[in-house]
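Beneath this line is the structure, given in C-alpha cells, with notes to follow.
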Amino acid sequence: MTLGPVPGPSDPAPAGAPPSAPAISVQGLVKRYRKATRNAVDGISFEVGTGAFFVLLGPNGAGKTTTISILTTTLSPTGGRALIGGRDIVAEASAVRREVGIIFQKPSLDQNLTGEENVRFHAVLYGLYPWAPSWRLMPAAYRTQVEELAGLLGVGEEIFAPVRTYSGGMRRKLEIVRSLLHRPRVLFLDEPTAGLDAPTRRTLWDYLARVRRESGTTVFLTTHYLEEAEGADHVCVIDHGRVVAAGSPAQLKAELTHETLIVDAAAADRAALRAELAGLGLAADGDGPFTLPVGGDRTHAVLRSISTPLTLVRTSAPTLEDAYLQIVGRSAADGEEEGAGGEASEGAAGHSDGASSTPEDSVRA
Amino acid sequence: MRELSAILAIAHRDLTKLLRDRARILGDLAFPLILVAFLGPALKAGFGSPGGLDLQAYVFTGVLAQTVWQSAAIGVISLIADREEDFSQEIFVSPISRYSIIAGKILGESVVALPQALAILALGWVLGVPMTLAGVLALLPVILLIALFGGAFGVLVLSNLSSQRAANQVFTFIMLPQFFLAGVFNPLQGLPGYLDVLSRIAPLRYAVDLLRNTYSAFQPGSTPIAVADAGFNLVAVGALLVIFGGLGTWIFVRAERNR
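Now the structure itself:
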C-alpha cells in the first residue's frame, strides 16, 4: 500500500541549512498583540526533531494558534527567535514558507471552487506547476497526481464538484492532501479535528499516521484533546503563553501523576493501622481512609505486611488527563506568577480521598 | 515566472467565482443600468441640451467609469471577507510575494469589472447614446485602466480597515460622495470653492474625466463633455494608480503581520 502523491522521505536539506538542524527550534518566543496588556505567547522555548510527532497541548486561549501563526510566518513575533529546518522565520520567511504545510484551525478551502480547483490553486501558488486556465490545459503530470489524490480520498468525479458539497471530514482530508502537495518538511495542524465526529476523527488520525510513516514528515499538532497527544513523541503543555510541562507522554505521566494506594480499617483498628504504616515508613494523615504514595510493585509488598484487617483497598492510577487538568488547574491558580514548574506531588495528594480515582482500579475489601 | 503564475491563479479565482455567482452578476448590474436607462434620458428630456451638452451621454459615460472603478475597488476590499472566511490564510502562508497577492487581486477584480462595462455599453447602444465601433474599441483599454485604478484605490482603503463591518461602514463615506464630487451625473463647472477643492481630491474624478475625453474624441462635432484634457487625466490616473497600489500594499502587508 502506498500513498502515491504523498511525499517520500524528505528532500535533502537545502543548501545553507545546517544538515543536522532540528525541524523546529524555538527560543524565548514572545508575542504581544497590539493594544493587548499581556503577552499571548510569553517566552516559550522548545525543539522538535526531524520526523517527530510533536504536540502543543493547552486550553483555549493558551497561545497555541499564535505560536503556529508565528512559526508559519503569517504573524511577526515580538521577541525571541524561531528556526524551521535551520532557517530563521523572520529573516528567511519566504524560504520557511516553502518548507511548511499547514492545516488551519478554521477550514481554508474556497467553498465556491471545486476540490480540484483548490488543489490546483495551491499547486500553482507553490510553484509546482505553471498556471493554466483550465484542468485540461494543465500538464499531464498534474492530472495524474490529482487522479491519484482523488483515489486516496476515496472520491471519483466528486473531486470536480464544489467543495461546498463535501462533508466536514472530506474537507479536512482534502486540506491535508493539499498541504502535502509541496512536500513540506514540517506539517502544522492547528486543532484539525475540532468539530468532527468521532468516526471521522479516527479516520483522519489513521490517515495522518500513514502519512507520517510513509513520508517521514515532521508533524506539529496543537490540540486541547488529550487523547490526541497520547501517541506523540513529545508533548509540550502551554498555558497563559508559557510552557508549564514538557516531555514524552510517559514522562509527563510519571512526573505529574503518582499512583496511590488507599486503605482503611474499621474505626477501632485505625490506630493500629496507622502504627503499622508508620513502621513501613508511610505517614498516614487524617482519620482515614489513608492515601499512601505507593504504586507499582510495592503495592503488594505493603499490603502483605499489613496485618490489621482492612475494610478498604483501592489503587489510583491517574490518567494523563488527570495530569493535564492538574497542570492547567495549577497554572490557573498561579495566575501570572512565575515558577509554575514546581513539584507536583503536593497537588496529587491534595485531592486524595479517592473520589477521583478510576473505578476499575478499585477493589473493595 | 512563478510569481506571474501565482498572480494569474489569484486573478483566475476571482473570475471563476464571478461566473458561478449569477445573482451577483445581476445585482452588480442593476444599479448602473437603472441610472443609464432612467436618469440619463430623464435629465435629457427635462433639461434639453444646456450649452450643447448631451446629458444622456454625460450620465452614460459617468456611470460607466464609476461602475468599473467602484466594482474593482469593492472587489479588492473583499480580501477582508476572505480573511474572515479564512481562505486568505491559504494565500498568505504560501511562498509568493505579498505584492504578487495584491497584484493578482487587483488584476482579478479588474477583469471581473469588464463584463459589467460591456453590459452598460450594450444598454447605452440600445438606448441610442451616440457611439461608434471605433469609439467603443478605444474605450476598452481605458476601462481596463480605470478598473486597475479602482483596484489600487481599493488596496489603499483595505490597508486601513480591520473588518468587513468596518468596510461596509466606510463605504458610504468614501464611495457615495465621489458620485457627486467626480461629476458622475452632475456638472463640475462653477462649483463653490469648498466643493471645487473636494472634487479635485476625489480620485474618481480623473477616471470619469479620462473616459469622457476618450468618448468625446470619437464624437467629432459634439460638445466635449470632459473638464480637463486627456493628457492631464491620463497622468493623474497613472500616478494615483501607482501611489495607491504601492502605498496600500506596503501598509497592508505590514499590518497583516504586525497584529
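If you're matching them up, the sequences are chains A and B in order.
Just so you know, we're using this note's numbering here: the first sequence kicks off at 4 and counts up by one.
Just so you know, we're using this note's numbering here: the second sequence kicks off at 321 and counts up by one.
For every residue, glycine included, the Cβ atom is placed at its ideal position computed from N, Cα and C.
Inset, instruction - Have a look at P296(A) and T302(A) and give me their C-alpha separation to the nearest angstrom. - result: 10 Å
Nearest chain A C-beta to E410(B) closer than 8 Å, yes or no?
Closer than 8 Å: yes.
query: Of all Cβ atoms in chain A, is any one closer than 8 Å to the Cβ of A401(B)?
result: no
Can you check whether the C-beta of D267(A) is within less than 8 Å of a C-beta belonging to chain B? no
| query | For chain B, is any of its Cβ atoms less than 8 Å away from the one on N208(A)? | reply | Before going further, note that residue 208(A) is Trp rather than Asn in the sequence given. Not closer than 8 Å to any Cβ of chain B, the Cβ of W208(A) fails to qualify, so no.
Worksheet item: Which residue or residues does DSSP assign as beta-bridge partners of R123(A)?
Response: Beta-bridge pairing links R123(A) to no other residue.
### Query
DSSP on L3(A), reduced to helix/strand/coil?
Past the boundaries of the shown model lies residue 3(A); chain A is included only from 4 to 368, so the question cannot be answered.
Task: Pairwise C-alpha distance: T294(A) and G344(A) - done: Note that G344(A) has pLDDT 33, beneath the 50 cutoff, so the model's placement of it is unreliable and the number below is only indicative. Using only the alpha carbons, I get a separation of about 24 Å.
Margin query: Below 8 Å on C-beta distance, what does V413(B) contact in chain A?
Written below: What V413(B) touches in chain A: T75, T76, T77, R100, V103, I105.
Just checking: is the beta-carbon of L328(B) within a distance shorter than 8 Å of some beta-carbon in chain A?
yes
| message | If the cut-off is 7 Å on Cβ atoms, which residues from the region 330–364 of chain B count as contacting chain A, listed in chain order? | response | H332, R333, T336, K337, R340
Self-check item: Proximity of L192(A) and V222(A) at Cβ, strictly below 8 Å
Solution: yes
| request: Could you tell me whether the Cβ atoms of G244(A) and V44(A) are closer together than 8 Å? | output: yes
task: Apply the 10 Å Cβ neighbour rule to G424(B) and answer buried if 16 or more other Cβ atoms are within range, or exposed otherwise.
output: buried
- request: Rank I411(B), V528(B), Y526(B) by C-alpha distance to the C-alpha of V127(A) and give the top, closest one.
  value: I411(B)
Run through chain A and tell me which residues come within less than 8 Å of I463(B), C-beta to C-beta. Result: empty, since nearest Cβ-Cβ is about 22 Å, beyond 8 Å.
Cβ of Y129(A) less than 8 Å from any chain B Cβ? yes
Between the CA atoms of V166(A) and A393(B) - distance to the nearest angstrom: 27 Å
Report the residues of the region 185–211 of chain A with a CB closer than 7 Å to any CB of chain B, ordered along the chain.
-> none
Check: Can we say the region 104–124 of chain A touches the region 43–61 of chain A, given the rule of at least three CB pairs closer than 8 Å?
Finding: no
Note to self: Using a 10 Å radius around the Cβ and a threshold of 16 neighbouring Cβ atoms, would you call D242(A) buried or exposed?
What the structure shows: buried
Residues in its own chain within less than 8 Å of I397(B) by CB, not counting five upstream and five downstream?
G474, V477, L478, L481, A487
Beta carbon proximity, F572(B) to chain A, threshold 8 Å:
It does not; no Cβ of chain A falls within 8 Å.
Margin query: Against chain A, with Cβ distances strictly below 8 Å, would N578(B) count as a contact?
Written below: So yes, N578(B) belongs to the interface.
**OP:** Tell whether a beta-carbon distance below 8 Å holds between V504(B) and G382(B).
**Re:** Contact: yes.
task = For P540(B), name the three-state secondary structure that DSSP assigns.
result = coil
With a CB to CB cut of under 8 Å and the five nearest residues on each side skipped, what residues in its chain are close to R100(A)? T75, T76
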